[in-house]
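Heads up, the sequence shown stops at 402 in the working numbering, and the numbers go up one at a time, no gaps. Each residue gets a CB set at the ideal place from its N, CA and C atoms; glycine is no exception.
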Amino acid sequence: MVCWSGMIGRPAHLGAVRRLLRSFPAVALLGARQVGKTTLAREVATEFGGRARIFDLESDRDLRLLADPEPILAGLRGLVVIDEVQRLPGIFPPLRPLLDRTPLPARFLLLGSASPEVSTRGSESLAGRIAFHDLDGLSLEEVGTPAWRRLWLRGGFPRSFTARTEVASRAWRDAFLRTYLERDVLDVGLRMPPAELRRFWLMLAHWHGQRWNASEFARAFGTSEATVRRWLETLEGFFAVRILRPWEASIAKRQVKSPKIYIRDCGMLHAVLDVGTLEQLRERPQVGASFEGFVVEHAMHALGARGSEGYHWATPQGAELDLLVVRGNRRIGIEAKCTEAPQVTRSMEIAMRDLGLDRLWVIHQGRDRFEMRPGIEALPITELPSLHGQLNPRRGARHS
Ligand SMILES: Nc1ncnc2c1ncn2[C@@H]1O[C@H](COP(=O)(O)OP(=O)(O)OP(=O)(O)O)[C@@H](O)[C@H]1O
Ligand SMILES: [Mg+2]
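Below, the structure written as structure tokens:
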């Protein structure tokens, strides 16, 4: 049995951040609370030896020090890490002259857990000087594909995944939901009583993998559609929710225009739904939706797709595709099937034709990889990491 008591290596993220730091004077590493940002930043910093300085804006002392950042930061050499940068959004404009120095005495690694705040302010103030890297939960590749069931049940937060027992993992997630999410979300984004936020989570969990229906949510909370949409988008900004926008193909048929919603980390989904073991999960009506969300997250990751490159697609007649990933001329389809023996459906054939997919992968829980129809391939969940590189342009690709 594999033991996860130690650190799980994250070489792809480490390599990506290091590469970005060589090309840009500043890199923002963004991700959910507790996903491992500080740990990764410390590893990046080791390369700089003694020439790395870390500021943590969670600490009042560092917050005060950097209230007037220029005098402190101007004299530093090597790497400067500023953790919890969302606590001091005003820091971006004063960084700008520091990034324009030649030769550059120091590069900056900024860590944040509230995406719109950091990315909007960062890209406005530091355009062309800053690169962004998203840190997801642990991936299938990082934990090793034989552990996929554990990753599905517990999700990808390192503390949840590595906990010694299912009970400890679940307790960690319950505490996470209570403390981090509620506190952060209420502090920074939403003005709503914690009990309301908990109820919103529960409703989201029951809608996981379905189309967002603002009027149902608004009715349930006795508020406006604009308000529930703002709640949803705030959770998206905290990397807690994925909103999969609808794709509109240029075909005569009508197509569904509402987005689909997922709780991004399936471990959190299971905590909200009070699912403690795989056996319990398999008995729940949400098992298919849970697997679908797991596949969506990990397929996006394996393909190296940005959030804006992922869509869902559906027609009112019932044809649908769980995930469509579009980059340039490449169109990749992903279907999740919570079974060991997937079969081709009419819906897959329609999606293949109407969307002009380059390839459709049907991700399943069995062991066999096989061609189901020309262009449609069954792929075991354990082989999901092999999708890496599939979004790259193909030679002789179709141009439209
Ligand atoms: N690769 C890893 N393998 C095992 N455990 C990890 C790994 N990365 C992080 N952890 C553990 O997960 C917890 C959270 O990590 P870390 O503090 O780096 O996250 P963070 O994203 O900075 O969180 P926050 O947003 O709350 O500051 C820590 O207990 C850390 O030891
Ligand atoms: Mg941190």
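Is residue 35 a contact residue of ligand 1, with contact defined as CB to any heavy atom under 7 Å?
In the sequence shown, counting from the first residue as 1, residue 35 sits at position 33. Because some heavy atom of ligand 1 lies under 7 Å away, the Cβ of residue 35 counts as near it: yes.
Between the C-alpha atoms of residue 401 and residue 383, what's the straight-line distance to the nearest angstrom?
Reading the sequence shown from its first residue, position 399 is the one you call residue 401. Reading the sequence shown from its first residue, position 381 is the one you call residue 383. Residue placement at residue 401 is poorly supported in this model, since its pLDDT is 43, which falls under 50; the coordinates still yield a value, given next. A straight-line Cα-Cα distance of about 31 Å links residue 401 and residue 383.
For a test of your reading of the model: does the CB of residue 10 fall under 7 Å from any non-hydrogen atom of ligand 1? Yes or no.
Residue 10 sits at position 8 when you count from the first residue of the sequence shown. The answer is yes for residue 10.
Around ligand 2, what residues have a beta-carbon under 7 Å from a heavy atom of it, in chain order?
Every residue whose beta carbon comes nearer than 7 Å to a heavy atom of ligand 2 appears here in chain order: 39, 40, 85, 86 and 113.
Ligand 1 and residue 229: does any heavy atom of the ligand fall closer than 7 Å to the residue's C-beta?
Translated into positions along the sequence shown, residue 229 becomes position 227. It does not: the Cβ of residue 229 is nowhere closer than 7 Å to a heavy atom of ligand 1.
In the DSSP assignment, the beta strand (DSSP E) including residue 346 goes from what residue to what residue?
Numbered from 1 along the sequence shown, position 344 holds the residue referred to as residue 346. Careful: residue 346 lies outside any beta strand (DSSP E) and carries neither H nor E.
Unbroken stretches of the beta strand (DSSP E), 3 residues or longer, contained in the stretch 199-283
Along the stretch 199-283, the beta strand (DSSP E) occurs as fully enclosed runs of 3 or more residues at 243-248 and 262-265, listed in sequence order.
What is the C-beta distance between residue 313 and residue 246, in whole angstroms, given that I count them as a contact (C-beta under 8 Å)?
Residue 313 sits at position 311 when you count from the first residue of the sequence shown. Residue 246 sits at position 244 when you count from the first residue of the sequence shown. With a Cβ gap of about 6 Å, residue 313 and residue 246 count as contacting.
What do you reckon, are the CB atoms on residue 159 and residue 267 nearer than 8 Å?
In the sequence shown, the residue the question calls residue 159 occupies position 157. In the sequence shown, the residue the question calls residue 267 occupies position 265. Yes; because the gap between Cβ atoms is below 8 Å, this pair is in contact.
Residue 312 in three-state terms, based on DSSP:
Against the sequence shown, residue 312 aligns to sequence position 310. Residue state for residue 312 is assigned as strand, using DSSP reduced to three classes.
For residue 182 versus residue 396, is the C-beta distance shorter than 8 Å?
Along the sequence shown, read from residue 1 onward, the residue named residue 182 stands at position 180. Along the sequence shown, read from residue 1 onward, the residue named residue 396 stands at position 394. No; because the gap between Cβ atoms is not below 8 Å, this pair is not in contact.
I'd like the ranges of any alpha helix (DSSP H) spanning at least 4 consecutive residues and lying wholly in the stretch 24-69.
Taken in chain order, the unbroken stretches of alpha helix (DSSP H) that lie wholly in the stretch 24-69 and span 4 residues or more are 39-48 and 62-67.
Find the nearest neighbour of residue 296 within the set 263, 102 and 328, judged by alpha-carbon distance.
Working through the sequence shown from its first residue, we reach residue 296 at position 294. Shortest Cα-Cα distance from residue 296 to any of 263, 102 and 328 involves 263.
Who pairs with residue 363 in a beta bridge, going by DSSP?
For the purposes of this step, residue 363 is identified with residue 361 of the sequence shown, where counting begins at 1. According to DSSP, residue 363 bridges with 336 and 379.
Reduced DSSP category for residue 396 - H, G, I as helix; E, B as strand; rest coil
Walking along the sequence shown from the start, residue 396 turns up at place 394. Residue state, collapsed to three classes: coil.
Shortest alpha-carbon distance to residue 118 belongs to which of 83, 140, 389 and 134?
Within the sequence shown, residue 118 is the residue found at index 116, counting from 1. The residue with the shortest Cα to Cα distance from residue 118 is 134.
Straight-line CA distance for residue 187 to residue 39?
Here residue 187 refers to the residue found at position 185 when the sequence shown is read from its first residue. Here residue 39 refers to the residue found at position 37 when the sequence shown is read from its first residue. The alpha-carbon atoms of residue 187 and residue 39 are separated by roughly 19 Å.
7 Å CB neighbourhood of residue 304 in its chain, flanking five on each side removed:
The residue you call residue 304 lines up with position 302 of the sequence shown. Its chain contains 386, 387, 389 and 390 as the residues whose beta carbon lies nearer than 7 Å to that of residue 304, once the 5 sequence neighbours on both sides are disregarded; these appear in chain order.
Is residue 159 helix, strand or coil by DSSP?
By one-based count along the sequence shown, residue 159 stands at place 157. Residue state, collapsed to three classes: coil.
Can you give the Cα-Cα distance for residue 16 and residue 42, rounded to whole angstroms?
To locate residue 16, count along the sequence shown from 1; it is residue 14. To locate residue 42, count along the sequence shown from 1; it is residue 40. Here the C-alpha atom of residue 16 lies approximately 7 Å from the C-alpha atom of residue 42.
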